[in-house]
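Encoded as structure tokens, the structure appears first; notes follow it.
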Amino acid sequence: MKIRFGADYYPEHWPRERWETDAKLMEEMGLDVIRMAEFSWSKMEPSLGNYNFGWLDEAIEILARHGMKTVLGTPTATPPAWIIEQSPEILPVDSKGRTRGFGGRHHDCQSNPVYRAHIHRFVTAMAQHYKDNPNVIGWQIDNELGNSHNDLCHCSSCRSHFQEWLANKYGSIDNLNARWGTAFWSQTYDKFEQIPTPMITPNSHNPSLLLDWKRFHSDLIVEFQQFQIDIIRDICKDQFITHNLMGFFGLIDYFDLGKNLDFVSHDQYATGYFDNPQPGKSPQRLGAELDFVRGVKQQTFWIMEQQSGPTGWEILGRTPRPGQLALWAAQTVAHGADTVVFFRWRPCSFGTEEYWHGILHHSGVPGRRYDELKNMISQLAPLMDEFKGALPESEVAILYSYEQNWAFEIQPHHPKLNYTHQVQKYYKALYDAQIPVDFINHKEDLSKYKLVIAPLQFLMTRKMEDKFKDYVKQGGRLVLTMRTGVKNMDNVCMTDGHLPGGLGDLLGIEIKDYDCLRAMDMGVEFEGKAYRSEKWCDIVSPTTARTIASYTEDFYAGTPAITVGKAGKGEAYYVGTEPDDNLMREFIKLLTRISGISSLGKAPEGVELVRRRTSTFDYIFALNHTEEIQELEPAADWQQVLGEKELAPYGIAVFKVKR
Amino acid sequence: MKIRFGADYYPEHWPRERWETDAKLMEEMGLDVIRMAEFSWSKMEPSLGNYNFGWLDEAIEILARHGMKTVLGTPTATPPAWIIEQSPEILPVDSKGRTRGFGGRHHDCQSNPVYRAHIHRFVTAMAQHYKDNPNVIGWQIDNELGNSHNDLCHCSSCRSHFQEWLANKYGSIDNLNARWGTAFWSQTYDKFEQIPTPMITPNSHNPSLLLDWKRFHSDLIVEFQQFQIDIIRDICKDQFITHNLMGFFGLIDYFDLGKNLDFVSHDQYATGYFDNPQPGKSPQRLGAELDFVRGVKQQTFWIMEQQSGPTGWEILGRTPRPGQLALWAAQTVAHGADTVVFFRWRPCSFGTEEYWHGILHHSGVPGRRYDELKNMISQLAPLMDEFKGALPESEVAILYSYEQNWAFEIQPHHPKLNYTHQVQKYYKALYDAQIPVDFINHKEDLSKYKLVIAPLQFLMTRKMEDKFKDYVKQGGRLVLTMRTGVKNMDNVCMTDGHLPGGLGDLLGIEIKDYDCLRAMDMGVEFEGKAYRSEKWCDIVSPTTARTIASYTEDFYAGTPAITVGKAGKGEAYYVGTEPDDNLMREFIKLLTRISGISSLGKAPEGVELVRRRTSTFDYIFALNHTEEIQELEPAADWQQVLGEKELAPYGIAVFKVKR
Amino acid sequence: MKIRFGADYYPEHWPRERWETDAKLMEEMGLDVIRMAEFSWSKMEPSLGNYNFGWLDEAIEILARHGMKTVLGTPTATPPAWIIEQSPEILPVDSKGRTRGFGGRHHDCQSNPVYRAHIHRFVTAMAQHYKDNPNVIGWQIDNELGNSHNDLCHCSSCRSHFQEWLANKYGSIDNLNARWGTAFWSQTYDKFEQIPTPMITPNSHNPSLLLDWKRFHSDLIVEFQQFQIDIIRDICKDQFITHNLMGFFGLIDYFDLGKNLDFVSHDQYATGYFDNPQPGKSPQRLGAELDFVRGVKQQTFWIMEQQSGPTGWEILGRTPRPGQLALWAAQTVAHGADTVVFFRWRPCSFGTEEYWHGILHHSGVPGRRYDELKNMISQLAPLMDEFKGALPESEVAILYSYEQNWAFEIQPHHPKLNYTHQVQKYYKALYDAQIPVDFINHKEDLSKYKLVIAPLQFLMTRKMEDKFKDYVKQGGRLVLTMRTGVKNMDNVCMTDGHLPGGLGDLLGIEIKDYDCLRAMDMGVEFEGKAYRSEKWCDIVSPTTARTIASYTEDFYAGTPAITVGKAGKGEAYYVGTEPDDNLMREFIKLLTRISGISSLGKAPEGVELVRRRTSTFDYIFALNHTEEIQELEPAADWQQVLGEKELAPYGIAVFKVKR
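Chains as they are written, first to last, in this note's numbering: chain A, 623 to 1281; chain B, 623 to 1281; chain C, 623 to 1281.
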């Protein structure tokens, strides 16, 4: 069965008599799949053990009659009022010690055993009920795990779980004391039971504790998901299990979270959440998120929530311009989505999210958004069957690590330094050059890439050093940056030599001093031209490396900003600062030229080229992110299969190219 | 007896031997009335049941000997330390769950039964004591009700009262669930006891709950006042009861609060509170507040606290320039104050408000402020007797609704959209055109106005739709705006048609799309000229309406920004955006010209004209809000009864005109 | 023994086998003294009564073998986890009622009796152990007392102590009520037990309570230090006791804190804490802090923590430029430090402060910072022996009062008015003129100064008035400013006359009005030229004074901004506003010329001249705070004993001049 497009639907928000109308409109629009029930616990179990699946059965049945399959969410992000009334200890506690109450969602502590027992009972019942329903093709566990849990939970259950997690990790309290360096500020613990979660203190917590807290927190949520996966897998043999991720959301290691899922899904909102700066995310940010989500399992994926109107809670985001909704949906397909489910069919008339708009308006009458997406589906859906499962085959990889991200969240160094943004600065230069990029984690094989960029490798292991060395010696080109090799995995500084530690030989450099660019930036000369850099400067002494860019100011003027060292068949670059966009563009140009990495083609500024590559064909998407008409000059062998050569504002074209 | 001017006085802050001096200075200044005792509970009842009114009796007596009457405040904003020590559960709890302690004022929960019992005992005793005192002419209940209570109170008493209020309103929990839409996020309640007050959750509360919380909160305070009114009315047959409002303060529905008062009073501080931006409120903002306060009961009113020096707690506001204090006092009279009581006689030498200056300085020596106000009183007081009770007779009304305000506080849509500010944008254009304006609430008769402006009629009922239709059909001119007819009174979106719902026919338009102007503004063409608008654009399809202004940019360029539809003998205008000041001025010019509404006259920029109209005469005030001399050109029949034709900086003139 | 330079060292953070290497490097660098153990409680007492001083004995012994003495800190800023586990009531409570937990430092309530008992036991044991160790020369009590305690502690123990402190001060509750003015807002107390600490209320606390809270808080910490001093003095007869202050840190009255110390120490960080604006403190701010610290006991002092690299916790401060570390160390010596201890030997590899850099880098290899400081020590240390104990002999004093500072913290008047900044504005003009300045408190003898500047003498006593009058009558020149004589010591406004109260006669002025310069500044004419002033204008009526500067704008244009009155042999100046830097420079020029105060000499802009004066010689330091080379033109009799005539960027010179 072909499952290309769908919508998120809440039949329980609408009168029973409307359901048939909706199903008919969905069918006419070309939808194949509907996600339901991920927030409907109180509707499915109005009181303890009193299951009420009839309404959902009926909705599934009506949708099926109109040709649509169903994906069900487990509603565990919204424990009902009757559960909270019976067991208020389920409510989460924030780092200031305040219980967060009922009235929104995510009012739960994910380690709480009473809450787990309720989940076990309910999810078992739900899985039993739907395991043989031929119209239910799969499950989504919970919803956007981690959402709203940034500062949660510090309850006594979570504290005990954290202490137990630490006991498992460190074996003995002496080992923990030694590795955390609790000798500092007299923080030595006699037993694991003394260790706090990082609630408010008179000042700051130990950075090793903070990193372990973030690891624990991620592990807890992964385990919370696994707890539900286990229930469903055991009962529902033929239905897939997925979860909807949130791009670069930083609370959970998505590589871990994705591991036991059949595939991952992603929620893509181009205008961002309503409180983000508007008009929203840049096209390259959107591309980066999609490439990252594809990288979680190095597989194609679903979009489980694709923006279909203005977003909004108390504040509204910008209204997507004509063409943008279709463009953004096509972009997700171009980057690896095999199925796109729109959030949502129709905006709710009540509740917190009533201005999070859907395909229809509140009125229920199809309008501009319905027509625009219907038209896009009719053109794109047939093509999607041709390249289902196909990846882009990138020659460049960017390393992404949650632990590095967490370490910089704990210690940003410069007030504006952010790991995820730094990674995206490199991505942007590749994106602008129309070069496909994979995001990979540190466990991936590097050897299939001509170029690997690994920014801010702050926490370092001997194993990772060896992996980098092997990659370069075998002919790879590797880019490392400032703040590499500073610490071990305990978030403790290495003290056995100059920076960048064990990678100094590979890079051919030593770093004995550095300058955090507070209240200043820096000049850099590269290939005879002047650029700026910011946030940080390593003051680099080359041992065997060659300098390819130099600082031009202050007491370290003339010293290297970028170096390259040769090792075996490859090269190892070191970038000691954060280049501005212009320097980054020229540096990436140099790297890709030397590495023999080719662009997908030429396109006007603001037009993105993306590839899905099957064994026989390339499908090249051209996506016009501008509000002007753009002219394409496709290569001679590009056969256009969608759109016009002249791209409308926010227009889409697809070309099929024989390999 | 003539009661035109007065002062707020705290004899308990000063030595007994000073009282006579103060009374003499007051008499010489021309004061008629003194307010006392509204914060003096511990002085009047130093311990339970131990009443001590002697000092106050004496102060009243001394003032009476100097020709002054007394208004007494009930001191319920300041329960004494001995009450809090005995019953700390009276202390209020904020939305973060934190008890707010003793040490300031308003440290009370207004639903708390123990606190109520103390009030009942004390207010009864006080009323009994003063009911027959011929020098006590009236009562002020509490002080600035709602002040400091924005985030209060979430204690268990308030939670119970809220649940009870909901039970009374909705009858059954099923009804509440249906009307609030608790199906969203699984928030269905089994019983009223499960419903929280809107304390911190992991994210946001249901907007229907939030609106009911605001209604409950307002009702609670209104009922708190009524509780005291009932005690006093029962005992004190010949004394009036009032309360001092705070202009556009938003916590309490002042139309409700004013209902059972003999008249309302208002506290007018032109420089604003010390933490407001300085130099303070604009003249039109001051005018709007006064017109609004007059509209609470469509009656003249008292100023119970009129600024008489720099304001200040920890920070000081700007020092009023010579002339400004008299000007501001005259402005309150011009807009409908029959009595003006200055806050305060002399600044306290201790306590939080010691820099909230009074007529005298700390030294107690009369100075610039005393002289200036004494001079103004001597001129204005005699005139005030002529037009006591007279209103301006406006031809334009602006609708003001607390429920609309609350709904926009809950969901501002645009980060800078504010209901009360939006209303004042329309007011400003009328003010600048020297046109008197009434503020009315939705229960008022519209038919007496030529023009009714009703911005942001977000929450809509069938009854209100009919009222608007009737008004227009009978010949009225009505202005409605963006976000009209979006929701029902449960704060739930209407889903049975396009916006603006049932008013679409009257207006002759349909709205199928809109654009929240995030990170942009919009061009508008009106009468061939270009203007800007901001915050929001409805994308309007006229059905029968005529377009009178159009957007000039983006994908909806050329569509209507302002329309007018004819219905019966009248016209209904729709404004789909927030016009800038220039467009507003021109639009109001058009509206008043068409409606045949006349200006009070011409005056230089910065000079305000205001009218008090008796059955035989108009009294036209000319108020110079600038620091320059201004020339007036009064009409031939204007007889000047106060001031010079050449207005001094911050000067005042009054003209008497036979009707 | 000569103790000139040292370092702060944490042997417990490093392997035993490294200690010898460190000691050798220290010796080679020229260090004489090492501070240790001030955060090492859990290492010295891993469980109750189980003392473990062996490691520290060994470290002291190794250092001694390399010629270094030891100063020991009492580790009471870091009660170990086992104490907190047993007695969690030791944890402090903030003003929002939140307990601040274990995990940082300063997690303690300084009034708590259980904590005091632990301290008594441990400090006694430590003192007993080290009393006869010839290599231990002294003690530091705790560390940076008050640090992190700004909002602490509001626990029940602190509340009781506060109430007891009040009972001692006021004798009776009636007296407190009268003096605090609790008649305001009905805050009268029946007993001391009702009085709160200033935790959150619905609005603001009584300013008299707030001032007493700050006094209590300071007294508590002074008494907390005394508690430890008493233990050690009793046991350790031959060792000194000091404490490390933090410049203008405002929580504790350092005049009180310093009283029973042998000498005070100071922690000097020129780039400021990492979250301060960078590049850091200005040279004159650094000079002011040093002069202030010298003024605490009118004695030379130690620097116990002298910056030796970039500062940093989560964020890093700027990297000191080559030369700056040596310059800043020399500046501390120039202003009166007899010993300079660098913080710290080597940055920790773990814990919150791992980016608070030291003399060495993490690698432990000596580098730029080691070399630079070693070189400076080799030149400066010999000279230091010549002028040990010598002071600068200033002719100008600036009065500094904690109580004035606290009163302005409670009521800043203008949002940007700050007592300590105001004081430094006067200091800066003197600093720029190369004139040595003493900071003194109100108990000091004024008569030895030609000029005394006493800004913002807000709280006033009859005794202080007399002191000022006597000083002037005997020939002194006194500068008083706006907001002088406003209140009594209870933080209650004086009401018995015009401002500036009892000093009006001396100054020859009366003030009946004033203007807080909100949203404006003011023009001032002085000696025929135009300047600006800000924040506040007193509107001054001279009685006998002569006007020397006048306002040029607004309704008080032409009235005095600065006056001078003659009394006896001296003059009393009054400055009614905050002059800008230009006016301040010219005003100080006038004052010093008239007073016959001489500059140390001429130097290029950015070069600071400072004097240490012995009975026979002046030692003039020339400190180049710029990054350019600067030429000096020393007087003929200046014999250069350090540096070159041409000062390198951040360079130092010292001249010896026979008196």
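Glycine is no exception: its CB is placed at the ideal position from the N, C-alpha and C atoms.
Small disclaimer: the values here were computed from a predicted structure and weren't measured.
Cutoff 8 angstroms: residue i Cβ touching any chain C Cβ
i                 : result
Ser1221 (chain B) : no
Gln1056 (chain B) : no
Arg940 (chain B)  : yes
Contact with chain B by residue i, beta-carbon distance below 8 angstroms
i                : result
Gly803 (chain C) : yes
Ile937 (chain A) : yes
Lys718 (chain C) : yes
Trp663 (chain A) : yes
CB contact below 8 angstroms: residue i versus chain A
i                 : result
Thr721 (chain B)  : no
Asp1060 (chain B) : no
Gln900 (chain C)  : yes
Chain A residues whose Cβ lies nearer than 8 angstroms to that of residue i
i                : result
Cys777 (chain B) : Ordered by position in chain A, no residue passes the 8 angstroms Cβ test against Cys777 (chain B), which lies about 14 angstroms from the chain.
Proximal residues of chain C, C-beta to C-beta of residue i below 9 angstroms
i                 : result
Lys903 (chain B)  : The premise fails here: Lys903 (chain B) is roughly 13 angstroms from chain C at the closest Cβ pair, so nothing lies under 9 angstroms.
Ile1032 (chain A) : Glu936
Amino acids of chain A, ordered along the chain, whose beta-carbon sits closer than 9 angstroms to that of residue i
i                : result
Thr819 (chain C) : Residues of chain A passing the Cβ test: none, with the nearest at roughly 17 angstroms.
Ser830 (chain B) : Phe972, Gly973
Chain-ordered neighbours of residue i on chain C, where CB pairs are closer than 7 angstroms
i                 : result
Asp1007 (chain A) : Those within 7 angstroms of Asp1007 (chain A) in chain C number zero; the least Cβ separation is about 51 angstroms.
Leu774 (chain B)  : Pro824
Alpha-carbon spacing of residue i relative to residue j, whole angstroms
i                 : j                 : result
Ala1179 (chain C) : Tyr1173 (chain C) : 5 angstroms
Pro1037 (chain A) : Asn1027 (chain A) : 15 angstroms
Asp993 (chain A)  : Gln861 (chain A)  : 32 angstroms
Asp773 (chain A)  : Glu1031 (chain A) : 13 angstroms
Beta-carbon neighbours of residue i, restricted to chain A and to distances below 7 angstroms
i                 : result
Val1114 (chain B) : Ser971, Phe972
Partners in chain C for residue i, counting only beta-carbon separations shorter than 8 angstroms
i                 : result
Lys1188 (chain B) : None at all; the shortest Cβ gap to chain C is about 48 angstroms.
Per-residue contacts from residue i into chain B (C-beta, under 9 angstroms)
i                 : result
Arg1084 (chain C) : None at all; the shortest Cβ gap to chain B is about 17 angstroms.
Exercise for review: Flag this pair as touching only if the stretch 994–1002 of chain B and the stretch 1187–1203 of chain B have three or more C-beta atom pairs under 8 angstroms; answer yes or no.
Suggested key: no
Point to revise | Start-end ranges of the alpha helix (DSSP H) lying completely within the stretch 1038–1080 of chain A, minimum 4 residues | key: 1041–1054
Review point. If you pair each beta-carbon of the stretch 784–804 of chain B with each one of the stretch 894–907 of chain B, do three or more pairs fall below 8 angstroms?
Key: no
Point to revise | Validate contact between the stretch 876–888 of chain B and the stretch 913–928 of chain B using beta carbons, cut 8 angstroms, 3 pairs | key: yes
Exercise for review: Tell me the start and end of each unbroken beta strand (DSSP E) in the stretch 1206–1268 of chain C that is at least 3 residues and wholly inside, in chain order.
Suggested key: 1229–1235, 1239–1246, 1261–1264
**Study point:** Segments assigned alpha helix (DSSP H), at least 4 residues, entirely inside the stretch 665–706 of chain B
**Key:** 676–687
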